[in-house]
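All remarks here apply to the structure that follows.
Here it is in structure tokens:
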């Protein structure tokens with residue numbers, strides 16, 4: 310291939326690459342994305358009817374839907390590819406919730422599936438920590454506790470009128486005095502964690518225990534490598 314032909318070939322490649330960018334951008338002008346899924350009660354896993362509101366990064370409302378009470382289904386369309394949206398779930402009988410969704414940068418119509426759980430806002434409702442935030446016989450929050458507690462922390466920040474009681478249970482029934490101190494210290498560690506996140510400690514009460522959790526007692530025979538650690542609950546006391 311001669312030098313002249315090489316230059317012509319290279320120029321053609323560069324031209325084609327430059328033309329690709331506006332072509333993709335042009336294709337996206339009319340492209341929309343649909344987000345659909347189901348909204349369920351976090352405790353019962355039953356479908357619920359809530360308002361599902363999408364807002365763009367400027368805070369402008371971009372679309373909304375009301376989930377179906379029969380199956381919890383919702384659908385929001387007309388969303389733009391490559392954008393981030395805040396999703397707000399609103400219903401007076403549930404905690405308000407917020408999530409963020411980043412949509413794919415595509416020039417073709419797409420449907421995205423996203424399900425949500427909402428916490429019932431009922432006095433006395435008990436939410437178990439999804440995993441234990443403590444190690445066996447310890448009252449200091451273990452490594453990774455942030456990941457366990459982040460969801461409930463966010464719920465308290467979004468719902469400033471909600472008060473909770475922190476309940477902690479011991480790992481065994483060996484010594485009631487030891488258990489009371491251990492669970493009191495665990496409750497205090499959790500209260501401090503939430504307070505540092507900006508949640509008023511006036512909204513946080515505690516309830517230690519000197520006996521194991523009757524609803525989730527230690528197994529009669531532990532599986533190899535598994536150790537029982539007492540339960541942790543967050544109970545709605547006021548809203």
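Residue numbers (my numbering): 310 to 548.
All C-beta atoms, glycine included, are put in the ideal place defined by N, C-alpha and C.
Between the C-alpha atoms of residue 399 and residue 535 there is a straight-line separation of about 39 Å. DSSP places residue 529 in the coil class of the three-state scheme, outside both helix and strand. Beta-bridge partners assigned by DSSP to residue 502: none are found.
Contact between the stretch 407-414 and the stretch 500-509 is absent: fewer than three C-beta pairs spanning the two stretches fall below 8 Å. With respect to residue 442, residue 457 sits close: the two C-beta atoms are nearer than 8 Å. If only complete runs of 4 or more residues are kept, the stretch 408-471 shows the alpha helix (DSSP H) at 454-467, in order along the chain.
For residue 343, same chain residues with a beta-carbon under 6 Å away, outside a window of 5 residues either side, are 386, 420 in chain order. With distances taken between CA atoms, residue 510 lies nearest to 498 out of 498, 521, 519. The Cβ-Cβ distance between residue 380 and residue 356 falls below 8 Å. The DSSP-derived three-state label of residue 516 is strand. From the listed residues 491, 474, 539, 515, the smallest Cα separation to residue 524 is found for 539. Going by DSSP, residue 387 is part of the beta strand (DSSP E) stretching over 382-388. At a Cβ-Cβ threshold of 8 Å, residue 371 and residue 384 do not count as neighbours.
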